[in-house]
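Below: the structure, in structure tokens.
Numbering (our numbering), first residue to last: 285 to 358.
And the structure:
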């Protein structure tokens, strides 16, 4: 994470509250500050859909691309 007085104040509000509404507001402020102050650019959102038949066993749905046991042939 980056360091800034505004982010630290918002983080204190987030961690110092037990109210869900106050925490959501503080987190929204942290996200806004992140895109304003931090050295990062949002590229986009990644959504996926997994459909399998009932006979498929051992399948684990993941929210990210599974890159294990994958290779390229020449």
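Beta carbons are placed, not taken as given, at the ideal position from N, Cα and C, and that holds for glycine.
Would you mind stating whether residue i and residue j have Cβ atoms separated by less than 7 Å?
| i | j | result |
| --- | --- | --- |
| residue 310 | residue 297 | yes |
Considering only C-alpha positions, which residue in the set the options is nearest to residue i?
| i | options | result |
| --- | --- | --- |
| residue 347 | 331, 291, 326, 294 | 331 |
| residue 316 | 300, 303, 294 | 294 |
| residue 322 | 291, 358, 355, 339 | 291 |
| residue 285 | 334, 349, 345, 314 | 314 |
| residue 345 | 302, 333, 300, 307 | 333 |
Alpha carbon to alpha carbon, how far is residue j from residue i? Give it in angstroms, no decimals.
| i | j | result |
| --- | --- | --- |
| residue 343 | residue 288 | 43 Å |
| residue 337 | residue 320 | 45 Å |
| residue 325 | residue 318 | 10 Å |
| residue 328 | residue 341 | 32 Å |
| residue 308 | residue 358 | 50 Å |
Hey, does residue i have any beta-carbon neighbour from chain C nearer than 7 Å?
| i | result |
| --- | --- |
| residue 334 | The chain labelled as chain C is not found in the depicted structure, where only one protein chain is given. |
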